[in-house]
Amino acid sequence: MSEPDAPAYTELIGHLQESALLASCSHLLGWDEQTYLPAQGAEHRAEQMALLAGLVHERTVSPRIGELLSELDRIDLGAETAAAANVREARRSYERATRLPKELVVELSRVTTLSQQAWVEARQAKDFKKFEPWLEKVIALKREEATAVGYGDGVPYDALLDDYEPGMTAEKVQAAFTPLRDDLVSLVQQIAGSSVTPDRSIVTRAYSIDAQRAFGRRAAEAIGFDFSAGRLDEAAHPFCSGIGPGDCRLTTRYDEHFFPQALFGTLHEAGHGLYEQGLNRDAFGTAMGHSASLGIHESQSRMWENFVGRRRAFWEHFLTPFRETFSTALGDVSLDEFYAAINIVEPSFIRVEADEVTYNLHIMLRFELEQLLISGDLSAADVPAAWNQKFEEFFSLSPPDDSVGCMQDVHWSAGLIGYFPTYALGNMYAAQFFNAAQSELGDLHQQFSRGEFAPLKDWLRTNIHQRGHLYQADRLLEVVTSETLSHEPLTDHLTSKFGELYNLG
Ligand code: ZN
Numbered sequence: 002m003s004e005p006d007a008p009a010y011t012e013l014i015g016h017l018q019e020s021a022l023l024a025s026c027s028h029l030l031g032w033d034e035q036t037y038l039p040a041q042g043a044e045h046r047a048e049q050m051a052l053l054a055g056l057v058h059e060r061t062v063s064p065r066i067g068e069l070l071s072e073l074d075r076i077d078l079g080a081e082t083a084a085a086a087n088v089r090e091a092r093r094s095y096e097r098a099t100r101l102p103k104e105l106v107v108e109l110s111r112v113t114t115l116s117q118q119a120w121v122e123a124r125q126a127k128d129f130k131k132f133e134p135w136l137e138k139v140i141a142l143k144r145e146e147a148t149a150v151g152y153g154d155g156v157p158y159d160a161l162l163d164d165y166e167p168g169m170t171a172e173k174v175q176a177a178f179t180p181l182r183d184d185l186v187s188l189v190q191q192i193a194g195s196s197v198t199p200d201r202s203i204v205t206r207a208y209s210i211d212a213q214r215a216f217g218r219r220a221a222e223a224i225g226f227d228f229s230a231g232r233l234d235e236a237a238h239p240f241c242s243g244i245g246p247g248d249c250r251l252t253t254r255y256d257e258h259f260f261p262q263a264l265f266g267t268l269h270e271a272g273h274g275l276y277e278q279g280l281n282r283d284a285f286g287t288a289m290g291h292s293a294s295l296g297i298h299e300s301q302s303r304m305w306e307n308f309v310g311r312r313r314a315f316w317e318h319f320l321t322p323f324r325e326t327f328s329t330a331l332g333d334v335s336l337d338e339f340y341a342a343i344n345i346v347e348p349s350f351i352r353v354e355a356d357e358v359t360y361n362l363h364i365m366l367r368f369e370l371e372q373l374l375i376s377g378d379l380s381a382a383d384v385p386a387a388w389n390q391k392f393e394e395f396f397s398l399s400p401p402d403d404s405v406g407c408m409q410d411v412h413w414s415a416g417l418i419g420y421f422p423t424y425a426l427g428n429m430y431a432a433q434f435f436n437a438a439q440s441e442l443g444d445l446h447q448q449f450s451r452g453e454f455a456p457l458k459d460w461l462r463t464n465i466h467q468r469g470h471l472y473q474a475d476r477l478l479e480v481v482t483s484e485t486l487s488h489e490p491l492t493d494h495l496t497s498k499f500g501e502l503y504n505l506g
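In our numbering, the protein residues as written are 2 to 506.
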């Protein structure tokens, strides 16, 4: 990329890259904490992480950055250039960080650490009352954060959402979610009334964990994840961590009697991993070497997990070797039966176990409650009742207790408010990107059924990964698909796929 000939720019980029190097050391320690750290090392690890977090924060709010940014104010960096993007994002993160009073940052970190512990205990005890005071504290601090950051003409929730999905607002999310919710509720009802009943036992038979491990790796390799620049390990809560150029680490978890967890989880994380591996290495530490948003990141993982991995074509290629590996479990199972079993749609309590259709409803429920909590229209004490009422409305089910209701996710206890919508945005972006890829690449179904995944991967690399954070998510979507955010491609995908599976009229 051509660099502007300004000493302030060179110094700024140098500063950002060194901060990113420092931060990547803590990412590596974080990965180790979730995978191999001996139990007794936890306390020392917490000190290491806190030290690094402090150093990174000091660098982020360094007055020198402010000086460099005001010098760069006077230079024309062009429209939609790499330099303009790098400076725009540097300014965004500097302004956000410097607007937050130090006492608030420290208090948020202290309260969310304690609140997560309280959440673990309260969830185990199925006792919301134990968590309630902590949720109240977290919400109060997040409201302070929103006020400090500012939200223009919008609502306080926007300031929180913007941290994960730059440029997105509650209003835009709502405009996409409302029609999607109506479509999904109706689709779920139609499926419930269908006479087609897939055989669930197919996915819960015995699948040896060693063989699952080998097959998961093979599938990740097949879609293009580069194991000479990455790893796959086990962790209680699966994630993908892009440590830096040439080092991207995935984790998954195995259940001998439920293979979809590890296999589709691996494809999901490998989708995140392909994004990380596809970023421009030389731009590490700058916006151009970074993902555009959490929603765009999630669009990549959902695409490989659902639009590819849960597609019939994928199994036209993979069922034969899969059946050879697990001949006892699958000897008598046809492709149709298998495809139906990995795509069962059924309302259930737990978000992370939800199918492709109901998943989005779980997100919308959280999005609605979060906004009420931040606007002050819902108190922490009223969360269980509000949750259960919405759950009944969306799923026609009542959670038997709060551990499988409003206390199932770690997010709120950790202060991650405004994060949930990015999961469903990812599904909508994925549908829009997939359509664009399909119209440029021809029949992807045919390609997948021959085990050819490189054309899609290369298309994503060129159109999304290599662009880093040149654009905000909505602009990237527009550049790649010539569309604005819409629920329709996702509705169309789900209606046609599940209409066929459940024989709907
Ligand atoms: Zn994900």
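Positions of the beta carbon are idealized from the N, C-alpha and C atoms, including for glycine. It should be emphasised that the depicted structure is a prediction, and the values quoted were computed from it without experimental measurement.
{"Item": "Limits of the unbroken alpha helix (DSSP H) element including E72", "Value": "64 to 74"}
{"Item": "Uninterrupted alpha helix (DSSP H) stretches inside the region 304 to 377 (no shorter than 4 residues)", "Value": "313 to 326, 328 to 331, 336 to 342, 360 to 376"}
{"Item": "Close Cβ partners of A431 (< 7 angstroms) along its chain, the five nearest in sequence each way excluded", "Value": "S300, R303, M304, F308"}
{"Item": "Buried/exposed call for R97, threshold 16 Cβ in 10 Å", "Value": "buried"}
{"Item": "Extent of the continuous alpha helix (DSSP H) to which E441 belongs", "Value": "422 to 442"}
{"Item": "3 or more residues per run - each beta strand (DSSP E) lying fully within the region 98 to 173", "Value": "none"}
{"Item": "Separation of H466 from M2, as counted between CA atoms", "Value": "Low confidence applies to M2: its pLDDT is 47, below 50, so where it sits in the model is not reliable, and the reading given next is rough at best. Cα-Cα distance, rounded: 15 angstroms."}
{"Item": "Continuous alpha helix (DSSP H) stretch holding S242: start and end", "Value": "Taken as a continuous stretch (DSSP letters only), S242 belongs to no alpha helix (DSSP H), being part of the beta strand (DSSP E) at 241 to 245."}
{"Item": "Strand pairing of T253, partner residues [DSSP]", "Value": "E235"}
{"Item": "Beta-bridge pairing of D248 - partner residues as DSSP gives them", "Value": "G245"}
{"Item": "At least three beta-carbon pairs within less than 8 angstroms, the region 54 to 61 to the region 23 to 32", "Value": "yes"}
{"Item": "Secondary structure of C407, DSSP reduced to three states", "Value": "coil"}
{"Item": "Outcome for P422 when other beta-carbon atoms lying within 10 angstroms are tallied against a minimum of 16", "Value": "buried"}
{"Item": "heavy atom of the ligand ZN below 7 angstroms from E166 C-beta", "Value": "no"}
{"Item": "K138 versus L70: straight-line alpha-carbon distance, rounded", "Value": "35 angstroms"}
{"Item": "Test item: CB-CB of M429 and L495 under 8 angstroms", "Value": "no"}
{"Item": "Touch test, the region 125 to 137 against the region 438 to 450, Cβ-Cβ under 8 angstroms, three pairs minimum", "Value": "no"}
{"Item": "Between the CA atoms of V384 and C249 - distance to the nearest angstrom", "Value": "38 angstroms"}
{"Item": "C-beta contact flag for M289 and H446 at 8 angstroms", "Value": "no"}
{"Item": "Anticipated Cβ contact below 8 angstroms, L162 with F226, distance rounded", "Value": "30 angstroms between Cβ atoms; not a contact."}
{"Item": "Spatial distance of T99 from G416 (CA atoms)", "Value": "19 angstroms"}
{"Item": "Heavy atoms of the ligand ZN versus C-beta positions, residues under 6 angstroms", "Value": "H269, H273, E299, S302"}
{"Item": "Pairwise C-alpha distance: T329 and G419", "Value": "45 angstroms"}
{"Item": "Where the alpha helix (DSSP H) containing N389 begins and where it ends", "Value": "384 to 396"}
{"Item": "Spatial neighbours of M365 in its chain, beta-carbon cut-off 8 angstroms, leaving aside the 5 residues before and after", "Value": "F178, L181, R182, F395, A425"}
{"Item": "Span of the alpha helix (DSSP H) around T205", "Value": "202 to 205"}
{"Item": "L13 classed as buried or exposed, judged by whether at least 16 other C-beta atoms fall within 10 angstroms", "Value": "buried"}
{"Item": "Buried or exposed (CB count within 10 angstroms, at least 16 for buried), V107", "Value": "exposed"}
{"Item": "Per-residue DSSP class, three states only, for L379", "Value": "coil"}
{"Item": "For G42, the first and last residue of its enclosing alpha helix (DSSP H)", "Value": "Taken as a continuous stretch (DSSP letters only), G42 belongs to no alpha helix (DSSP H), as it is neither H nor E."}
{"Item": "Distance between T359 and D283 (C-alpha atoms, nearest Å)", "Value": "40 angstroms"}
{"Item": "Three CB pairs or more closer than 8 angstroms across the region 191 to 202 and the region 337 to 344", "Value": "yes"}
{"Item": "Beta-carbon proximity of N389 to P401, cut-off 8 angstroms", "Value": "no"}
{"Item": "Neighbour-count burial assignment, P261, 16 or more Cβ in a 10 Å radius", "Value": "buried"}
{"Item": "6 angstroms CB neighbourhood of H269 in its chain, flanking five on each side removed", "Value": "S302, E306"}
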